[in-house]
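Working notes, structure below.
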Amino acid sequence: MKKSILYILVILLGVFVVTACEYEFVEQEEIVVPTPDPDNPLSFADDIVPIFTNGNYCTACHDTGGEEPNLEAASAYNSLTNGGYINTTNPEQSTLITVAGPGTSEHGWKKFTNSQTEKILQWISEGASNN
């Protein structure tokens with residue numbers, strides 16, 4: 001009798017474990033490089049730096065004395081452009097995007113959201129100005 005109850009409990013536990021797990025596969029949205037608007041270019045200081053600094057999004061690790069590139073407001077532009085992280089000829093191939101963009105596997109911590117990535121790509125395609 002005790003063995004029968006034990007077997008039933010094991011079977012019920014197994015059924016519970018198998019049916020309790022639910023996986024939701026989310027398809028990655030396509031990142032689109034917005035067409036630059038020459039009349040309304042993005043500002044590095046106003047539009048891009050906040051992506052790196054708001055809430056320590058990137059600067060928790062990428063700061064003075066931390067991981068390269070230094071993405072603190074005062075250093076970000078020089079660090080990105082002099083470090084080879086920006087590719088104005090092919091923005092999607094910029095190291096900044098290929099390492100920390102959505103769907104990448106190289107950057108183990110925080111990644112850019114799709115909207116952040118599109119904004120960064122637009123800024124790069126506009127010539128990556130320090131404005």
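Each residue of the sequence shown is one higher than the one before, counting from 1 in our numbering.
Idealized CB from N, CA, C, for every residue including glycine.
Values in this document were obtained by computation on a predicted structure and should not be read as measured data.
DSSP three-state assignment for residue i, whether helix, strand or coil
i      : result
Phe112 : coil
Val33  : coil
Cβ pair residue i, residue j closer than 8 Å
i      : j      : result
Ala128 : Thr81  : yes
Lys111 : Thr104 : yes
Ile51  : Gln93  : no
Glu106 : Gly83  : no
Residue i versus residue j: straight-line alpha-carbon distance, rounded
i      : j      : result
Gly101 : Thr88  : 16 Å
Asp46  : Ser125 : 17 Å
Val26  : Thr113 : The pLDDT assigned to Val26 is 44, lower than 50, so where the model puts this residue is not dependable, and the model offers no usable value.
Phe44  : Leu12  : 58 Å
Val33  : Gly65  : 32 Å
Tyr23  : Asn70  : Because Tyr23 sits at a pLDDT of 42, beneath the cut-off of 50, its placement in the model cannot be relied upon, and the following sentence gives the value as read from the coordinates. Distance between the alpha carbons of Tyr23 and Asn70: 37 Å.
Residue i versus the options, residue with shortest Cα-Cα distance
i     : options                     : result
Asn54 : Glu72, Val99, Glu67, Ser125 : Glu72
Proximal residues to residue i (C-beta, below 7 Å), its chain only, five neighbours per side dropped
i     : result
Val49 : Ala73, Ala76
Lys8  : Reading off the sequence, residue 8 comes out as Ile, not Lys. Nothing meets the Cβ criterion.
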